[in-house]
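Student: Below you will find the structure I want to go over with you.
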Amino acid sequence: MKNNTKILMVKTCGFFLILFSENVFCQTIDSIPPINHQQISIYSKLISEERTIWIHTPPEYASSNDTYPVLYLLDGGSHFKYVSEMVDFLSDFERNFISKMIIVAIPNTNRGRDFTPTFDLKENGADKFLSFIKDELVPYMDKNYRTQPYRILEAHSLGGLFGIYANATEPNLFQASIIISPALTGDKNKLKVIANFTSYLKENNHLVSKIFLSLGNEDTKGADLLNQQLKTFAPKSFQWIYKKYNDENHFSVPYKSMYDGLRLIYSNWHTEVFLNPNRILYKDLENHFKKISKEFGYTINPTEDFLNQCGYQQLRFKHMEEALEFFKQNIRRHPNSFNAYDSIGEAYMINGQKSLAIENYEKSIIINPNNENGKTMIKKLKSE
48 MKNNTKILMV
58 KTCGFFLILF
68 SENVFCQTID
78 SIPPINHQQI
88 SIYSKLISEE
98 RTIWIHTPPE
108 YASSNDTYPV
118 LYLLDGGSHF
128 KYVSEMVDFL
138 SDFERNFISK
148 MIIVAIPNTN
158 RGRDFTPTFD
168 LKENGADKFL
178 SFIKDELVPY
188 MDKNYRTQPY
198 RILEAHSLGG
208 LFGIYANATE
218 PNLFQASIII
228 SPALTGDKNK
238 LKVIANFTSY
248 LKENNHLVSK
258 IFLSLGNEDT
268 KGADLLNQQL
278 KTFAPKSFQW
288 IYKKYNDENH
298 FSVPYKSMYD
308 GLRLIYSNWH
318 TEVFLNPNRI
328 LYKDLENHFK
338 KISKEFGYTI
348 NPTEDFLNQC
358 GYQQLRFKHM
368 EEALEFFKQN
378 IRRHPNSFNA
388 YDSIGEAYMI
398 NGQKSLAIEN
408 YEKSIIINPN
418 NENGKTMIKK
428 LKSE
């Protein structure tokens, strides 16, 4: 229903399985993507200024009721575009390496003030900026968007210094962090950040958190010291990696770091569906989602689109019983989705169950009277 492959199945239902078997490894052709970006302004009482925020939502955000983890980007003006595209790419059904997520980018107004902790001064700009994120921005996102209580921080360079400071100061604010080439050398304030981070590791023995720490081809002293603290004091529940990219410099290293950092955070997320020719049982997929729900600390359910695609993949490999079970479970979880009924109607049609096909196409049209595909299929089935 939602892609060219499915339409082709409908029009050529007599030989669709042969067509599928000849194109098992073909990639679907992407349509021109919609723009899922918004710009908002928040007046911060804590910083006493208007802050512009850029937000990217998953492609199906407007057409679903799903909830999502949130990725917060410092230096938002530099990282928003490529990170948004990377997340959408990695979370797409064909790859399914990470969760779909909402991305919140914070462009800079005064980078040095916001990112630099100053422990020896009364005015600590980093402390105010952290309070802005914790007490103003996060509550705004949780109130106005469908968020899950899992937040990831991406921070580069001076932002990386702030990211380490944020983890040590507010241990429960971010559940995972991607810290890229942090600016950790130069003055006593930066050494104090590392010392506080060490205390944070020692004092949080049962902390469940993930940190990806990376560095380009540059001065390694500060990052090496931080890595040593992680080796010595990180609790067993703390998952982390320190990776050096000798072929990247300070300004090119974020791209690879983001990719590898996301893959670390979601290292247990993937379950092969798209290229798996075996029978996939719904109960096995359900158990997988229970497992990752336990890991991430909130209930994670397969999305409507994911279940729908699982059903079609089972059709693709001629596993009709398993395909129908995925479509039935999708209806159970999303009873108001016209597409869920349309999809199972197609499966019944392919399986030769004409009356059930018509029944479900009719249900899809009741929900969405503009479902022209359903109308066409009913007309075709009744004329046979």
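All residue numbers for the sequence shown refer to this note's numbering, where the first residue is 48 and numbers rise by one.
Quick reminder that beta carbons are idealized off the backbone N, C-alpha and C, glycines included.
Report the three-state DSSP secondary structure of F127 (helix, strand or coil).
Tutor: DSSP places F127 in helix when its eight states are reduced to three.
Student: Name the residue from S224, I82, A202 whose alpha carbon lies nearest to the alpha carbon of F285.
Tutor: Cα-wise, what sits closest to F285 is S224.
Student: Can you name, in chain order, every residue of its own chain whose Cβ lies under 7 angstroms from the Cβ of V71, other than the five neighbours on each side?
Tutor: Its pLDDT being 40, under 50, V71 is placed unreliably in this model, and the coordinates cannot settle the point.
Student: Go to V151, then tell me how far its beta strand (DSSP E) extends in each direction, as first and last residue.
Tutor: 149-152 is the extent of the beta strand (DSSP E) around V151.
Student: Need the endpoints of the beta strand (DSSP E) that P349 sits in, please.
Tutor: Unbroken run through P349: none, as it is neither H nor E.
Student: Quick check on E69: does DSSP put it in helix, strand or coil?
Tutor: The predicted position of E69 is uncertain, since its pLDDT is 37 and thus under 50; a value taken from the coordinates is nonetheless stated next. If DSSP states are grouped into helix, strand and coil, E69 belongs with the helices.
Student: Please classify E69: is it buried, with 16 or more other beta-carbons within 10 angstroms of its beta-carbon, or exposed?
Tutor: A caution first: E69 carries a pLDDT of 37, below 50, which makes its placement in the model unreliable, though a value can still be read off. By the 10 Å Cβ count, E69 comes out exposed.
Student: Run the CB neighbour count on F209, radius 10 Å, all protein chains shown included, and call it buried at 16 or more, exposed below.
Tutor: Classification for F209: buried.
Student: Would you mind stating whether F179 and S91 have Cβ atoms separated by less than 7 angstroms?
Tutor: Going by C-beta atoms, F179 is nearer than 7 angstroms to S91.
Student: Three or more C-beta pairs under 8 angstroms: does that hold for the segment 101-115 against the segment 299-313?
Tutor: The segment 101-115, when compared against the segment 299-313, does not touch it at the 8 angstroms Cβ threshold.
Student: Taking three-plus beta-carbon pairs below 8 angstroms as touching, is the segment 187-207 in contact with the segment 236-248?
Tutor: Touching, no.
Student: Please work out which residues of its chain come closer than 6 angstroms, Cβ to Cβ, to F374, disregarding the five sequence neighbours upstream and downstream, and give them in chain order.
Tutor: Closer than 6 angstroms at Cβ, skipping near neighbours: G358, S390, I391, A394.
Student: Please name the residue or residues paired with S91 in a DSSP beta bridge.
Tutor: Looking at the DSSP assignment, S91 forms a beta bridge with E96.
Student: Would you list the one or two residues that DSSP bridges to F298?
Tutor: DSSP, once it has assigned bridges, lists no residue as partnering F298.
Student: Quick one: what's got a C-beta closer than 8 angstroms to Q428's C-beta in the same chain, skipping five residues either side?
Tutor: Gln is not the amino acid found at residue 428; the sequence shown has Leu there. Around L428: M396, K401, A404, I405, Y408.
Student: Whose C-beta lies closer than 8 angstroms to the C-beta of N236 among residues of the same chain, with five residues either side of it excluded?
Tutor: T163, P164, T165, F166, D167, listed in sequence order.
Student: Hey, would you say I94 sits closer than 7 angstroms to K181, going by beta carbons?
Tutor: Result no, Cβ atoms of I94 and K181 do not sit closer than 7 angstroms.
Student: So the candidates are L362, E201, M148; which of them puts its Cα closest to the Cα of M188?
Tutor: Comparing Cα-Cα distances from M188 to each of L362, E201, M148, the minimum goes to M148.
Student: Please name the residue in F343, N386, K338, N348 whose C-alpha comes closest to that of N355.
Tutor: Closest option to N355, Cα to Cα, is N386.
Student: Label Q74 either buried or exposed according to how many other C-beta atoms from any shown protein chain fall within 10 Å of its C-beta, with 16 as the threshold for buried.
Tutor: At Q74, the pLDDT of 45 sits below 50, so the modelled position is not reliable and the matter cannot be decided from this model.
Student: If we ignore side chains and look at the alpha-carbon of each, how far apart do E295 and T232 end up?
Tutor: So the two alpha carbons sit approximately 19 angstroms from each other.
Student: Use the C-beta contact count for K282: other C-beta atoms within 10 angstroms, 16 or more gives buried, fewer gives exposed.
Tutor: The sequence given here places Pro at residue 282; Lys does not occur at that position. Looking at its Cβ environment, which holds fewer than 16 other Cβ atoms inside 10 Å, P282 is exposed.
Student: Please determine if the segment 319-338 and the segment 151-161 are in contact, where contact requires at least 3 C-beta pairs separated by less than 8 angstroms.
Tutor: No: the two stretches stay apart, fewer than three of their Cβ pairs being nearer than 8 angstroms.
Student: Hey, S411 and G399: beta-carbon distance below 7 angstroms or not?
Tutor: No, these two residues do not count as a Cβ contact at 7 angstroms.
Student: Does DSSP classify K49 as helix, strand or coil?
Tutor: The predicted position of K49 is uncertain, since its pLDDT is 48 and thus under 50; a value taken from the coordinates is nonetheless stated next. Looking at K49 - three-state DSSP - the assignment turns out to be coil, as it is neither helix nor strand.
Student: Suppose you measure from the CA of I76 to the CA of F136; what does that come to, to the nearest Å?
Tutor: In this prediction, I76 scores a pLDDT of 49, lower than 50, which makes its location untrustworthy; no coordinate-derived value is stated.
Student: Report yes if the C-beta distance between A213 and L177 is below 7 angstroms; otherwise report no.
Tutor: In contact: A213 and L177 (Cβ atoms closer than 7 angstroms).
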